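Chemist: Those protein sequences? They're chains A and B, same order as listed. Here the first sequence stands for residues 1 to 616, numbered as in our numbering. Here the second sequence stands for residues 1001 to 1269, numbered as in our numbering. Below you'll find the structure I mean.
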Amino acid sequence: MINRRHLLHSALGAGAVLGSAKLLPAWARSASAGNLGIASLSGTRFDLDIDRFPVRINGRDGMATGINGTLPGPLLRFREGDDVTLNVTNRLQEDTSIHWHGLLVPFHMDGVPGLSFPGIRPGETFKYQFKVPQNGTYWYHSHSGLQEQLGHYGPIVIDPAEPDPVLYDREYVLVLSDWSFTHPHRIFAQLKKNPESLNYNRPTLSNPVGLGGMWGQMRMSPRDIADVSGETYTYLINGHATADNFNMVFQPGERVRLRIINASAMTLFNVRLPGLPMTVVQADGLNIQPVETDEFQMGVAETYDVIVAPTEARAYAFVAESIDRTGQAVATLGPRAGMKATAPALRPVPILTMRDMGMAHGDMPGMSHDAGSESGPAQPGHDMSGHDMSGHDMGAMPMKPDPDGPAIQPVRIEADIKRGPGVVNVAAMAMSRLEEPGIGLEDMPHRTLTYSQLRALDMNEDHRPPGREIVIHLTSNMERYMWSFDGVKFSEVTQSIKFYEGERLRLTLINDTMMPHPIHLHGMFFDLVNGGGHHKPRKHTVTVKPADKVSVDITAEHVGDWAFHCHLLYHMHAGMMQVVSVLPAAHPEHPGVPEPEPDADMHMDHQAMNHGGHAQ
Amino acid sequence: MNLVKRILPALVFSSAGIGGPLNAIAQETHQSPPWNQADALHGADVMADARQRVLAEGGDQKHFYVMFNQLEAQFAEAEDRFAWNGQAWYGGDLNKLWVKSEGHASLTDGGVEEAEIQALYSRAVAPFWDIQAGLRYDIEPDGLAHAVIALNGLAPYWFEVETAAFLSEQGDLTARIEAEYEMLLTQRLILQPSIEAELSAQPVPDRETGSGLTSISAGLRLRYEVRREFAPYLGLEWHSAFGDTRDMIEATGEDGEEIVFLVGLRAWY
Chain A
1 MINRRHLLHS
11 ALGAGAVLGS
21 AKLLPAWARS
31 ASAGNLGIAS
41 LSGTRFDLDI
51 DRFPVRINGR
61 DGMATGINGT
71 LPGPLLRFRE
81 GDDVTLNVTN
91 RLQEDTSIHW
101 HGLLVPFHMD
111 GVPGLSFPGI
121 RPGETFKYQF
131 KVPQNGTYWY
141 HSHSGLQEQL
151 GHYGPIVIDP
161 AEPDPVLYDR
171 EYVLVLSDWS
181 FTHPHRIFAQ
191 LKKNPESLNY
201 NRPTLSNPVG
211 LGGMWGQMRM
221 SPRDIADVSG
231 ETYTYLINGH
241 ATADNFNMVF
251 QPGERVRLRI
261 INASAMTLFN
271 VRLPGLPMTV
281 VQADGLNIQP
291 VETDEFQMGV
301 AETYDVIVAP
311 TEARAYAFVA
321 ESIDRTGQAV
331 ATLGPRAGMK
341 ATAPALRPVP
351 ILTMRDMGMA
361 HGDMPGMSHD
371 AGSESGPAQP
381 GHDMSGHDMS
391 GHDMGAMPMK
401 PDPDGPAIQP
411 VRIEADIKRG
421 PGVVNVAAMA
431 MSRLEEPGIG
441 LEDMPHRTLT
451 YSQLRALDMN
461 EDHRPPGREI
471 VIHLTSNMER
481 YMWSFDGVKF
491 SEVTQSIKFY
501 EGERLRLTLI
511 NDTMMPHPIH
521 LHGMFFDLVN
531 GGGHHKPRKH
541 TVTVKPADKV
551 SVDITAEHVG
561 DWAFHCHLLY
571 HMHAGMMQVV
581 SVLPAAHPEH
591 PGVPEPEPDA
601 DMHMDHQAMN
611 HGGHAQ
Chain B
1001 MNLVKRILPA
1011 LVFSSAGIGG
1021 PLNAIAQETH
1031 QSPPWNQADA
1041 LHGADVMADA
1051 RQRVLAEGGD
1061 QKHFYVMFNQ
1071 LEAQFAEAED
1081 RFAWNGQAWY
1091 GGDLNKLWVK
1101 SEGHASLTDG
1111 GVEEAEIQAL
1121 YSRAVAPFWD
1131 IQAGLRYDIE
1141 PDGLAHAVIA
1151 LNGLAPYWFE
1161 VETAAFLSEQ
1171 GDLTARIEAE
1181 YEMLLTQRLI
1191 LQPSIEAELS
1201 AQPVPDRETG
1211 SGLTSISAGL
1221 RLRYEVRREF
1231 APYLGLEWHS
1241 AFGDTRDMIE
1251 ATGEDGEEIV
1261 FLVGLRAWY
């Protein structure tokens, strides 16, 4: 096989001009070779205009709000280490903004109105300037109002400064999204006034699960998988509905890299190419040890890069199915342009179980996971993860110091969540669900990806055990469409969450609701505590399943005020948001961070250290 | 009337518990900034405005809702009627102002026989329950005012429940209990059984009402949701008076019990 990447690098090293199509990176080639239907910009200076413009989706006319007149906005192609300037001009009648999702830029360039800057006023141009700090697949979107739902998003690909450890012959960027002809303010109002009104999979007389028993008593519906369904949404791949058939071309034997971005407002997707295994090589822009699978569920704002290597000269369907299976977007990967793969039928709608309510006891697949063996605030002999596995942790109970533990125990900060108008608090017993693939994928006849399978390709840099643990409950009252952290809506917040520059801490997210929440923290990565030792996958967005308990370790490096929120747009809009303030070392409230102790518990994964060996 | 003037303000303002409905609906302003690191770059005033806006966008939205649960023609042996039962509210998640109205008019002569309107302050007190307090005014038949205290909510097993107690300006205490259930036959074809009982603590001869259980209405409406917001329906309802109330009604030559057929529209926005 031709190692095109290395060829490209040697050509550039020799000062060659990019004259031959063969030497062009995949994204720069003609439409038939890749990225058909998506505009692309590269270099170091970018002019982005935010405006309203007409779009035609699934044969119907609508009005979008977006970037440079296309939906999605143009692919921004950066090079790691470049200093880039992006002039963003607001041609709307209202404020706008762009947030570079997952990019570790200085906080005043992060693009969140009210946190990092005032926002971009109508007619104003805001100049974003930063050094591109990393490489991989990311995206950008508005952080103002509900503009994301209207088309204000686009993909980012950053080419690495060093040779890419992932080898591929061509690549496609796939931006998944949910489009509605109903204005997002109306959708939000419908959810507030009658939260079940957008769900057309409710329990019926002939299918009454959820009317009686514990469900009826709790006034919870096991058919409440997604707040907004395919009845309201048209699902899109690069702006194309299934009927518009987004086309990707390959030659048999090629390794094709798919950079998949979930840019939806509200939709988690199940992604698969029936008959074609995928090797996942990157999650949230950072390389992982390759893992082969047949299907995965991706939360809003997550990205996955996969390699597919079709050998047969036939058309394959790329399927992005909404988590509630009320709709899907299908694209074609075929040996010739213009082919149309057969779209698979929608699968039966999943039904939530008592486990999603946090009420299941007994044998759980999650019980065997070994997060507890990782060095965390849980000390040896005081295995905190073991507590919830054995069912003693009552979730909202503040943790008392362990009398048998070491003299100095790390601080655990957890609010006492009270049931009230905004908090139903159904997850009586949250436990880790890292070994589960997500709602509806439990009993698939094929392989499904789980968070517990992810391992960072590069060893984690910070090996310190976390010095303290902050526990945050994801809370809601679905009946009033109220969503919050720790029972406090963003509008009621009086103090941000404080991190201290230089510290290593653990954030534990407990989902007291029955919906999965893709939780995103700006400005720093989550090291997902999933049994990966020093190869924890590093993510900017972690989906917390119903009644799930997920821990992430964080190195608080980047000073600033950073948005922390559920990436389901209407959950954020309803109040599921907070701010994390990383206070600088010089700040009077900064307590000082002790010198890092050498970590005795080093898990060297020799196989994973061999970077060259994974792209066979 | 004096009694009402004394009782109503006390009821409304004390039940709000936080200085009255209007103050409660206005969001309190944040005193010290919850974060402020960008102030150094963009100025404290500019950032304070932007911070206020982003906070308000995170759960402090107000909405306006209007719902005609029943907008229907009733066909009965004695008389055909037009009847309505609707509500509207404005406010946020916890505090709302409500307006409710119900009544009926004769389809024969167009005369409004009963019409009431309520204005209530509503406060969410538990995950599924709101307490409401305010004023009811009966435009017809007699222009009587009442103080109202009500409990609205969703009971276990998905029963919508509304209970209210009324104290009239003449000092008469009455109550109403309503329950509704929505049974989905399909995702759009919905059968809605409902029951409403009226009670009185004392006889009110002016209104042909005895004491105790005065009447029960039980209805069954089958609607088709063309959209969730727009659903025509067919149905029937059984009305019956009890005890002294029934005797008083029958003494006037009217029926103490009837079955009516309904054609109507349920709509909300």
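Glycine is no exception: its CB is placed at the ideal position from the N, C-alpha and C atoms. Values in this document were obtained by computation on a predicted structure and should not be read as measured data.
Pull out every residue of the region 213 to 225 of chain A whose Cβ sits closer than 7 angstroms to any Cβ of chain B, in chain order.
Modeler: Against chain B - using a Cβ distance shorter than 7 angstroms - the residues of the region 213 to 225 of chain A are 216, 217, 219.
Chemist: Name the one or two DSSP bridge partners that residue 497(A) has.
Modeler: Position 497 of the first sequence, counted from the first residue, corresponds to residue 497(A). Answer by DSSP bridge pairing, in chain order: 580(A).
Chemist: Three or more beta-carbon pairs under 8 angstroms between the region 321 to 332 of chain A and the region 227 to 236 of chain A, yes or no?
Modeler: Contact holds: three or more Cβ-Cβ distances are below 8 angstroms.
Chemist: Confirm, please, whether the CB-CB distance from residue 305(A) to residue 514(A) is below 8 angstroms.
Modeler: Along the first sequence, read from residue 1 onward, the residue named residue 514(A) stands at position 514. Along the first sequence, read from residue 1 onward, the residue named residue 305(A) stands at position 305. No, they are not a contact pair.
Chemist: With a CB to CB cut of under 7 angstroms and the five nearest residues on each side skipped, what residues in its chain are close to residue 544(A)?
Modeler: By 1-based counting over the first sequence, the position of residue 544(A) is 544. Excluding sequence neighbours, residue 544(A) sits near 474, 509, 511, 516, 517, 519, 550.
Chemist: For residue 1054(B) and chain A, any beta-carbon pair shorter than 8 angstroms?
Modeler: As a working mapping, residue 1054(B) is identified with position 54 in the second sequence. Yes - at least one Cβ of chain A is within 8 angstroms of the one on residue 1054(B).
Chemist: Taking contact to mean 3 or more Cβ pairs, one atom from each stretch, closer than 8 angstroms, check whether the region 278 to 286 of chain A and the region 262 to 270 of chain A are in contact.
Modeler: Touching, no, given that fewer than three Cβ pairs across the two stretches are closer than 8 angstroms.
Chemist: Go through its chain and collect everything with a Cβ distance to residue 1218(B)'s Cβ below 6 angstroms, but skip five positions before and after it.
Modeler: On the second sequence, residue 1218(B) is found 218 positions in, with the first residue counted as 1. Result list for residue 1218(B): 1195, 1238, in chain order.
Chemist: So, helix, strand or coil for residue 1046(B), using DSSP?
Modeler: In the second sequence, residue 1046(B) corresponds to position 46, counting from 1. Three-state result, residue 1046(B): helix.
Chemist: State the start and end residues of the unbroken alpha helix (DSSP H) segment that holds residue 572(A).
Modeler: Position 572 of the first sequence, counting from 1, holds the residue named residue 572(A). Counting along the chain, the alpha helix (DSSP H) containing residue 572(A) begins and ends at 569 to 574.
Chemist: Kindly indicate if chain A contains any beta-carbon less than 8 angstroms away from that of residue 1183(B).
Modeler: Looking up residue 1183(B) in the second sequence gives position 183. Closer than 8 angstroms to some Cβ of chain A, the Cβ of residue 1183(B) qualifies, so yes.
Chemist: Have a look at residue 504(A) and residue 541(A) and give me their C-alpha separation to the nearest angstrom.
Modeler: Locating residue 504(A) in the first sequence gives position 504, counting from the first residue. Locating residue 541(A) in the first sequence gives position 541, counting from the first residue. One C-alpha to the other measures close to 18 angstroms.
Chemist: At the level of alpha carbons, what is the spacing between residue 422(A) and residue 1128(B)?
Modeler: Here residue 422(A) refers to the residue found at position 422 when the first sequence is read from its first residue. Here residue 1128(B) refers to the residue found at position 128 when the second sequence is read from its first residue. For residue 422(A) and residue 1128(B), the distance between alpha carbons rounds to 9 angstroms.
Chemist: Identify, in the order they occur along the chain, each residue of the same chain with its Cβ nearer than 8 angstroms to the Cβ of residue 46(A), setting aside the five sequence neighbours on each side.
Modeler: Here the question's residue 46(A) lines up with position 46 in the first sequence. These residues qualify, in order along the chain: 76, 84, 85, 86, 87.
Chemist: Look at residue 1118(B) and residue 1096(B) and say whether their C-beta atoms are less than 8 angstroms apart.
Modeler: Translated into the one-based positions of the second sequence, residue 1118(B) becomes position 118. Translated into the one-based positions of the second sequence, residue 1096(B) becomes position 96. No.
Chemist: Would you report the Cα separation of residue 44(A) and residue 161(A), rounded to the nearest angstrom?
Modeler: In the first sequence, residue 44(A) corresponds to position 44, counting from 1. In the first sequence, residue 161(A) corresponds to position 161, counting from 1. Cα-Cα distance, rounded: 15 angstroms.
Chemist: Using beta-carbon positions only, say whether residue 451(A) and residue 192(A) come within less than 8 angstroms of one another.
Modeler: Indexing the first sequence from 1 puts residue 451(A) at position 451. Indexing the first sequence from 1 puts residue 192(A) at position 192. No, the pair does not count as a contact, with Cβ atoms beyond the cut-off.
Chemist: Could you tell me whether the region 53 to 62 of chain A touches the region 178 to 193 of chain A, where touching means 3 or more Cβ pairs closer than 8 angstroms?
Modeler: Result yes; three or more Cβ-Cβ pairs closer than 8 angstroms.
Chemist: Kindly list the residues whose CB is nearer than 6 angstroms to the CB of residue 321(A), restricted to its own chain and excluding five residues on each side of it in sequence; keep chain order.
Modeler: Start at 1 with the first residue of the first sequence, and residue 321(A) comes out as number 321. Around residue 321(A): 270, 328.
Chemist: Indicate whether the contact test is met: 3 or more Cβ pairs, each with one atom in the region 532 to 541 of chain A and one in the region 481 to 501 of chain A, closer than 8 angstroms.
Modeler: Touching, no.
Chemist: Would you say residue 293(A) faces chain B, with C-beta separation under 8 angstroms as the test?
Modeler: If you number the first sequence from 1, residue 293(A) lands on position 293. No, residue 293(A) does not count as interfacial toward chain B.
Chemist: Look at the alpha carbon of residue 548(A) and the alpha carbon of residue 1262(B), and state the distance between them as a whole number of angstroms.
Modeler: By 1-based counting over the first sequence, the position of residue 548(A) is 548. By 1-based counting over the second sequence, the position of residue 1262(B) is 262. About 48 angstroms.
Chemist: For chain A, find out if any of its Cβ atoms is closer than 8 angstroms to the Cβ of residue 1127(B); answer yes or no.
Modeler: Indexing the second sequence from 1 puts residue 1127(B) at position 127. Yes, its Cβ sits closer than 8 angstroms to a Cβ of chain A.
Chemist: Alpha carbons only, please: which of 1132(B), 1181(B), 1228(B) is nearest the one belonging to residue 216(A)?
Modeler: Translated into positions along the first sequence, residue 216(A) becomes position 216. Out of 1132(B), 1181(B), 1228(B), 1181(B) has the C-alpha closest to the C-alpha of residue 216(A).
Chemist: Per DSSP, which residues does residue 304(A) bridge with? Please list them.
Modeler: Reading the first sequence from its first residue, position 304 is the one you call residue 304(A). Answer is 260(A), 283(A).
Chemist: Starting from residue 213(A), follow the alpha helix (DSSP H) in both directions and report where the run begins and ends.
Modeler: Taking the first residue of the first sequence as position 1, residue 213(A) is located at position 213. Its alpha helix (DSSP H) spans residues 213 to 218.
Chemist: Report the start-end ranges of each alpha helix (DSSP H) in the region 1103 to 1162 of chain B that is 4 residues or longer and not cut off at the edges.
Modeler: List check, alpha helix (DSSP H) in window: nothing returned.
Chemist: Closer than 7 angstroms between beta carbons: that is the criterion. Which residues of the region 1175 to 1205 of chain B meet it against chain A?
Modeler: Hits within the stretch, in order: 1183, 1184, 1185, 1186, 1187.
Chemist: Is the beta carbon of residue 241(A) closer than 8 angstroms to that of residue 57(A)?
Modeler: One-based indexing of the first sequence puts residue 57(A) at position 57. One-based indexing of the first sequence puts residue 241(A) at position 241. In this structure, residue 241(A) lies closer than 8 angstroms to residue 57(A) by Cβ.
Chemist: Report the residue ranges of all alpha helix (DSSP H) runs contained in full by the region 136 to 220 of chain A; include only those spanning at least 4 residues, in chain order.
Modeler: Counting whole runs of 4 or more residues, the region 136 to 220 of chain A contains the alpha helix (DSSP H) stretches 184 to 193, 213 to 218.
Chemist: Going along chain A in order, which residues have a C-beta closer than 7 angstroms to the C-beta of residue 1057(B)?
Modeler: Taking the first residue of the second sequence as position 1, residue 1057(B) is located at position 57. The contacting residues are 145, 573.
Chemist: So which residues of chain B does residue 108(A) contact, with C-beta pairs closer than 7 angstroms?
Modeler: Position 108 of the first sequence, counted from the start, is the residue given in the question as residue 108(A). Per Cβ cutoff of 7 angstroms: 1038, 1041.
Chemist: With 9 angstroms as the C-beta to C-beta threshold (strictly closer), list the residues of the region 1156 to 1169 of chain B near chain A in chain order.
Modeler: Under the 9 angstroms Cβ criterion, the region 1156 to 1169 of chain B contributes 1156, 1157, 1158.
Chemist: Give me, in chain order, the residues of the same chain whose beta-carbon lies closer than 6 angstroms to that of residue 42(A); leave out the 5 immediate sequence neighbours on both sides.
Modeler: Position 42 of the first sequence, counted from the first residue, corresponds to residue 42(A). The residues are 77.
Chemist: With the cut-off set at 8 angstroms, would you say residue 1065(B) and residue 1088(B) are in Cβ contact?
Modeler: Against the second sequence, residue 1065(B) aligns to sequence position 65. Against the second sequence, residue 1088(B) aligns to sequence position 88. It is a contact, given that the beta carbons lie within the stated cut-off.
Chemist: Just verifying my parser: in three-state terms, what is the DSSP assignment at residue 113(A)?
Modeler: If you number the first sequence from 1, residue 113(A) lands on position 113. Here residue 113(A) sits in strand by DSSP.
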